[in-house]
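Residue numbers for the sequence shown, in the UniProt record's numbering: 1 to 432.
Heads up, the beta-carbon is just placed ideally off N, CA and C, and yes, glycines get one too.
This one's a predicted model, so the numbers in the text were calculated from it and none came from an experiment.
Taking it in order: structure first as structure tokens, then the write-up.
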Amino acid sequence: MTSRLFPSGHASHPQWRMAAALVVAQLRAQMALPTHARAPALGLVYITDHYADSAEQLLEFLEQQLPEVKAWSGTTGVGVAANNAEYFDEPALSIMLCDVPAEQWRIFSGVAPLPRAGRDDFLARTALVHADDGTPDLGDVLREMAARTSSGHVFGGVVASRGMKAQFARDLVHAPRRPGERDSGVLQGGMSGVAFAPSVQWISRITHGCQPIGAWSVVTASQDNLVLELDGVPALDVLLETLGVSLDGDPQPAIDAVSATMAGLMEAGVHATAHHTGHFGAQARVRDIIGFDTTRRGVALAEMVETGSMLAFCRRQQHAARSDLMRICAEIREELEPVQEVLPAHEADEAAEILPGEGAGSSRRMLGAVYVSCSGRGGPFFGGPSAELQIVRRGLGDVPLVGFFANGEIFGHTLYGYTGVLTVFLGSAEPM
């Protein structure tokens, strides 16, 4: 990896061509600076769904304007993220050009899948993944995708669009077009993204927008997506007691309270303790409560629930989301500080990726970041326009950033909801 910053740009305009031209101008200006990469070959592009129908023309325009960029990956969201700014439910795009040597990455898609480890000369350590929510058995597909990397960890998000679910997947370095071949570089359905080799350094964290409002319990009885018992007690009774409401008399207050509540789940066998700040850890995934059964005293979730798994009821809370986002930014910055001593294994953060070069005297800097946030977190949830990205800016500093607001977030090998996934790419601390 080089030590130059990744050029990035973002813009909003009713016409996609005007917005793209503004972004290209920003990128060109940065590529002329000594602090930024001059000729990066890998581009990440995210568009709001206002531009989705013009995705092919937009990619063709970018290829014409930035011919040195030989590969593109990205997708569509209801919003896009940039350094210190977000564009939510408006026509916009955000681009970052990654200065990573071509031998250290591969574009993959349903047309050109990522090979399993050992079946190709390229070894993937991790991957940025964009997935369509219509993919059958998406959870299993993500686990299989993570298994194709040496770390078992991927990150990214699910396409979010009210129209065409466009994904970008172009690689003219490793898969150049043959004469007469028609390939728009834009696809729908399945999964696409960029896989990175072990030499690419990165740190990835997940932040939750929900806070537990009750203790963790063991699911002692369930049927499909219906939780029947928690620690041997009817699940609906546990939920109502946790919320301090009753279905007796007028049930509407109880129904309103339940509709504002969700459930955090963890797999059986995972040590279920809330993070020391009172937030969920990386193992928890939040799912909506979609109803309850007063006859069987069960609670229905938007996911199949296995007996033996762990459950804690929770609620979305602005202050919890803000403090947890600040926490992961602080943890990332702390990882970049020189380490004076090796911590015991039990003190290591389970959500952190161990990077090469850590230890006394390590000196790294952030070259660029990718942030994928839940579409339910954007806009006013953090207190105002761009408030979420302003927190990231204050926490990380002036780091180039790109990303989108998704219909589900990918971290490790799991699909999450109501979370943010922040990944930074690293290089040496001294500019070249």
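Span of the alpha helix (DSSP H) holding residue i?
| i | result |
| --- | --- |
| A166 | Note, A166: premise wrong, no alpha helix (DSSP H); not H, not E. |
| M304 | Run containing M304: none; DSSP gives neither H nor E here. |
| G139 | L138 to A146 |
| A330 | Q318 to L336 |
| I255 | Q252 to S259 |
| R28 | W16 to M31 |
How would you call residue i, buried or exposed, if buried means at least 16 neighbouring beta carbons within 10 angstroms?
| i | result |
| --- | --- |
| L33 | exposed |
| S363 | exposed |
| Q167 | buried |
| H319 | exposed |
| residue 453 | Lying before the first or after the last residue shown, residue 453 is absent from the chain, which here runs from 1 to 432. |
| I206 | buried |
| G361 | With a pLDDT of only 43 at G361, under the threshold of 50, the placement of this residue in the model should not be trusted, and no figure is reported. |
| residue 456 | Here the chain comprises residues numbered 1 to 432, so residue 456 is not present and cannot be evaluated. |
| M304 | exposed |
| P113 | exposed |
| V78 | buried |
| P14 | exposed |
| A20 | buried |
| Q201 | buried |
| Q252 | exposed |
| P176 | exposed |
| D132 | buried |
| T242 | buried |
| T126 | buried |
| R170 | buried |
| A260 | exposed |
In three-state terms, what does DSSP make of residue i?
| i | result |
| --- | --- |
| G411 | Contrary to the premise, residue 411 reads as Phe rather than Gly in this sequence. If DSSP states are grouped into helix, strand and coil, F411 belongs with the strands. |
| T242 | helix |
| G384 | coil |
| S199 | coil |
| L173 | Reading off the sequence shown, one finds Val at residue 173, where the question assumed Leu. Correct three-state label for V173: coil. |
| E60 | helix |
| V233 | strand |
| H36 | strand |
| R393 | helix |
| Q65 | helix |
| S3 | coil |
| S150 | coil |
| D349 | Its pLDDT being 43, under 50, D349 is placed unreliably in this model, and the value from its coordinates should be taken loosely. It is coil, neither helix nor strand. |
| A55 | helix |
| A429 | coil |
| A102 | helix |
| V80 | strand |
| R193 | First, the amino acid is wrong: residue 193 is Gly here, not Arg. Here G193 sits in strand by DSSP. |
| E358 | Because the pLDDT of E358 is 36, which lies under 50, any placement of that residue in the model is unreliable, and the number read from its coordinates should be weighed accordingly. Three-state DSSP puts E358 in coil, outside helix and strand. |
Just the C-alpha distance for residue i and residue j, rounded to the nearest angstrom, thanks.
| i | j | result |
| --- | --- | --- |
| T75 | M266 | 29 Å |
| S192 | L247 | 47 Å |
| Q211 | R322 | 11 Å |
| D228 | R287 | Inspection of the sequence shows that residue 228 is occupied by Leu rather than by Asp. Whole-angstrom Cα-Cα distance: 16 Å. |
| L226 | A235 | 9 Å |
| V258 | Q64 | 53 Å |
| V424 | R316 | 26 Å |
| V299 | L239 | 8 Å |
| S3 | G427 | 5 Å |
| D53 | P91 | 12 Å |
| A387 | A85 | 8 Å |
| I95 | V23 | 7 Å |
| R296 | R285 | 25 Å |
| A147 | I255 | 41 Å |
| P344 | E335 | Any reading at P344 must be qualified, since the residue scores a pLDDT of 44, below 50, and its modelled position is unreliable; the value itself is stated next. If you take the alpha carbons of P344 and E335, they lie about 15 Å apart. |
| I203 | R143 | 20 Å |
| residue 434 | S222 | What is shown of the chain runs 1 to 432, which leaves residue 434 out entirely. |
| R162 | E337 | 43 Å |
| D349 | M18 | Low confidence applies here, because D349 scores a pLDDT of 43, under 50, leaving its location unreliable; read the following figure in that light. Each residue's alpha carbon lies about 44 Å from the other. |
| G308 | A263 | 15 Å |
| H10 | L230 | 48 Å |
Where do the ends of the beta strand (DSSP E) carrying residue i lie?
| i | result |
| --- | --- |
| E229 | L226 to L230 |
| Q223 | S217 to Q223 |
| D293 | R285 to D293 |
| A268 | Careful: A268 lies outside any beta strand (DSSP E) and carries neither H nor E. |
| residue 442 | Residue 442 lies beyond the stretch modelled for the chain, which goes from 1 to 432, so this question has no answer here. |
| residue 510 | Nothing about residue 510 can be reported from this structure: the residues present for the chain run from 1 to 432 only. |
| F88 | A85 to F88 |
| F155 | H153 to V158 |
| Y418 | Looking at the DSSP string, Y418 is not in any beta strand (DSSP E), and its letter there is neither H nor E. |
| T48 | L42 to T48 |
| P212 | C210 to P212 |
| H10 | S8 to S12 |
| G368 | R364 to C374 |
Please confirm whether any heavy atom of the ligand PLP lies closer than 7 Å to the CB of residue i.
| i | result |
| --- | --- |
| L247 | Absence of the ligand PLP is noted for the structure shown, with no ligands found whatsoever. |
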